[in-house]
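In what follows, a structure is listed as structure tokens, so that the remarks can point back to it.
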Amino acid sequence: MKSLVELRGFSEIKGTEAEEFERAIVNNIVDNGYCLVRGVGTEDFLPMATKLGDIQFHPKADERGVVGEGDSKSNRWKKNANEYIGHKREAISPHTDGSFLNTMTSSGFGLKRVLPPALIVIQCLQDGGSEAPVMNTIVDLSAVLKELKVHDLNVFSILSTPGCVSFFRDDQKAVDVSIFKKNGKGKLHVRYNAGRFMYYPKWSEKAILHFHNQYVLNPRFHQEFCLKRGDIAIIDNLRILHARDEIQLFHSTSARKIRRVWISQKDADFLRNIPSERPTHSVLEDSDSYLPIERNEKNSLLNTDNLGIKI
Ligand SMILES: [Fe+2]
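For the sequence shown, numbering that gives the first Met the number 0 gives the first residue as 0, with consecutive numbering after it.
Shown next as structure tokens:
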């Protein structure tokens, strides 16, 4: 395991020891794109996640923004439950979360962007035991990009062109976006989904299939890990693809269970109109299930501007 922070008794540590532990987590995320934290308890999940930034809501999330544990705050997602695949047993192909988010929401006298989350924080509540371990795979697109630029510059250029892909899920769409996008702060952000939510036109098909077969599915770029009960995985969703194997069920073990929160990207541009009128367009309400829960305390451990792929 390349990126691992291990500790016993997270809740008891204080002062400089706690600061060192937190710094190690942040350094691993920024350097390697992810961090696996072992030796923490189930009670450490939300305190650790909220230190990393603002939790971003999800249609399946409970009041706290947690998906996979209690009942969802809203039942709206159940109308199209088939569009939500995280709770199903079948294998999940490499993807970034929220690739279908590219919208805005009304905020005072203007609009704020609603984008894919910066970080995904996952905790294993129940593992499949030794009979039914579930492998998670991550694909580091920072390493992929280095090779793409040397061997397949034209493919990289097509995958960076707006319109090379569109993503749809339930009531959300990200139309005519790109797999790689510069964020204007020296980073590339990635959107990808090797499943049925991503669509592409004829002109980008060859480049996408080459990227998928030669890079995304190439084990050279993969790291695998298996989460045990209590383990937390923190993943830079602007740089890393994640996937998992099928969940097997044996009569002597229970199925593996995880819970998850999203951490939002830092506030992006604020948009206004010429008359300075408060926006009231009903289409903006569709993004309400994905808004960040803003905290009073603004000092996050991590500046999400540091995430993504260094150019
Ligand atoms: Fe995911």
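The C-beta atom is built at its ideal place from N, Cα and C for all residues, glycine as well. Since this is a predicted model, take the numbers as computed values, not measurements.
- A check of alpha carbon separations from E42 across P132, Q122, A90 identifies Q122 as the nearest.
- The Cβ atoms of N298 and F224 lie no closer than 9 Å to each other.
- It is roughly 32 Å from the alpha-carbon of F210 to the alpha-carbon of P291.
- Going by beta carbons, P93 and Y199 fall outside the 9 Å limit.
- With respect to L226, I24 sits apart: the two C-beta atoms are not nearer than 9 Å.
- One thing to note: A232 has its Cβ within 9 Å of the Cβ of V120.
- Looking only at L3, D268, F56, the smallest Cα-Cα distance to G183 is reached by D268.
- Within the chosen limit of 8 Å, ligand 1 reaches the beta carbon of H94 through at least one heavy atom.
- Given a length threshold of 3 residues, each whole run of the beta strand (DSSP E) inside the segment 109-173 is given here in chain order: 109-113, 118-125, 134-139, 164-168.
- Rounded to the nearest whole angstrom, the C-alpha separation of R75 and N153 is 42 Å.
- Apart from the 5 residues on each side of it in sequence, A48 sits with its Cβ closer than 6 Å to the Cβ of V120, V260 in its chain, given in chain order.
- For Q125 and P274, the gap between their C-alpha atoms comes out near 54 Å.
- Assigned with DSSP and collapsed to three states, H209 falls in helix.
- When distances are taken from the beta-carbon of H241 to the heavy atoms of ligand 1, the shortest one is below 8 Å.
- With a cut-off of 8 Å on Cβ pairs, the segment 87-102 is in contact with the segment 162-173, counting three or more such pairs.
- The beta carbon of K50 sits closer than 6 Å to those of L300, all from its chain and outside the five residues before and after it, given in chain order.
- Under the three-state reduction of DSSP, A17 is assigned to helix.
- The three-state secondary structure of N81, taken from DSSP, is helix.
- Excluding sequence positions up to five before and after R294, its CB lies within less than 8 Å of the CB of T49, D53, all in the same chain and listed in chain order.
- Using a 10 angstroms sphere on the CB of I310, the tally of other CB atoms stays under 16, which defines it as exposed.
- One thing to note: D30 has its Cβ no nearer than 9 Å to the Cβ of L118.
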